[in-house]
């Protein structure tokens, strides 16, 4: 069986599409599994009934729950460096350098950024009930192990540098042009509504703790309610699913194209074989012209100059070669006018 007529570029496209399709499907399945786990998790509010609920649970632990509450510091809260009235329990300070890099291939400047410094500060905090009467608190353990920190940007400033003439010359020579420094401050503020998804356990001293699941499931801390987190994860899951389907369809399209090419080549070979049989039936081995060694005549093939001209090339209609030389043509074009050859028919001489 003939091999599929696939070029190296098509093979690379097929392999890439299948590889990316598998990667995107893996990410989709991972997100879908986490999404299903969140949908099945009990949805609880911080209230005074939590201790009794955990006491009645085997091991005094709920392995995966969605718990909503208000952020309160266990000790002194962190103060914002730029807004003294803002207080939080997690603070992240980031300084990024933005610059333009010369791309010699595209002949243009491309923007890039580099993190100069990043600092994260935390203090112990807990989730409390919005109701002032409730006294139950749930300590949030290991917040930095969450999938994504629930932070809000409270300050942002971009500092443009000043350049002299010598600096501009050096920038063009080096291919790097600084744009400035971006300074940001993010915080998880006191009093924010937070949803924690993880393991809820009661320690021997009676305190309640929300902590990363022991089975390795995702640990979430999300600003707002759990429905918002669910909607975001559904959107991400749908994106990876669509990307996997698109890459899979690309691979299928390459395979179908290769099969179509193989079918066309097979059909062309069948047509050539049929033409060969027609010529052999009409002319026979004994009726053809003499082999090499005889003097070329006016009706000799213009290619081999030995056998007679015995086929008509269509659509141009030229009669210039024998069937053997027609089969040996490197491309299906007429040797006289270079027109494409659609088909060939025997030449009948009365």
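Residue numbers (this note's numbering): 3 to 352. Every residue, glycine too, gets a C-beta built ideally from N, C-alpha and C. Owing to the predicted nature of the structure, the values given are computational and were not obtained by experimental measurement.
Range of the contiguous alpha helix (DSSP H) that encloses residue i
| i | result |
| --- | --- |
| residue 66 | Not the alpha helix (DSSP H): residue 66 falls in the beta strand (DSSP E), residues 63–75. |
| residue 173 | 167–176 |
| residue 123 | Element bounds for residue 123: not the alpha helix (DSSP H) but the beta strand (DSSP E), 110–124. |
| residue 349 | It is not in any alpha helix (DSSP H) - residue 349 carries neither H nor E in the DSSP assignment. |
| residue 14 | 10–42 |
DSSP-derived helix/strand/coil call for residue i
| i | result |
| --- | --- |
| residue 311 | coil |
| residue 137 | coil |
| residue 145 | helix |
| residue 83 | coil |
| residue 156 | strand |
| residue 164 | coil |
Neighbour-count burial assignment, residue i, 16 or more Cβ in a 10 Å radius
| i | result |
| --- | --- |
| residue 246 | buried |
| residue 203 | buried |
| residue 309 | buried |
| residue 198 | buried |
| residue 23 | buried |
| residue 92 | buried |
Inter-residue Cα distance where the pair is residue i and residue j
| i | j | result |
| --- | --- | --- |
| residue 225 | residue 172 | 46 Å |
| residue 207 | residue 53 | 12 Å |
| residue 335 | residue 343 | 5 Å |
| residue 269 | residue 220 | 56 Å |
| residue 60 | residue 67 | 15 Å |
| residue 311 | residue 349 | 8 Å |
| residue 234 | residue 218 | 21 Å |
| residue 191 | residue 133 | 18 Å |
| residue 20 | residue 251 | 9 Å |
Boundaries (first-last residue) of the beta strand (DSSP E) holding residue i
| i | result |
| --- | --- |
| residue 208 | Note, residue 208: premise wrong, no beta strand (DSSP E); not H, not E. |
| residue 202 | 195–204 |
| residue 103 | 89–105 |
| residue 130 | 127–130 |
Close beta carbons around residue i, own chain, < 6 Å, minus the five adjacent residues each side
| i | result |
| --- | --- |
| residue 119 | 97 |
| residue 162 | 182 |
| residue 303 | 309, 311, 323, 324, 327 |
| residue 64 | 202 |
Other residues of its chain near residue i: CB distance less than 7 Å, five sequence neighbours each side excluded
| i | result |
| --- | --- |
| residue 242 | 26, 29, 30, 33 |
Neighbourhood of residue i by C-beta distance below 8 Å, restricted to the same chain and skipping five residues each side
| i | result |
| --- | --- |
| residue 101 | 113, 114, 115, 116, 178, 179, 180, 181 |
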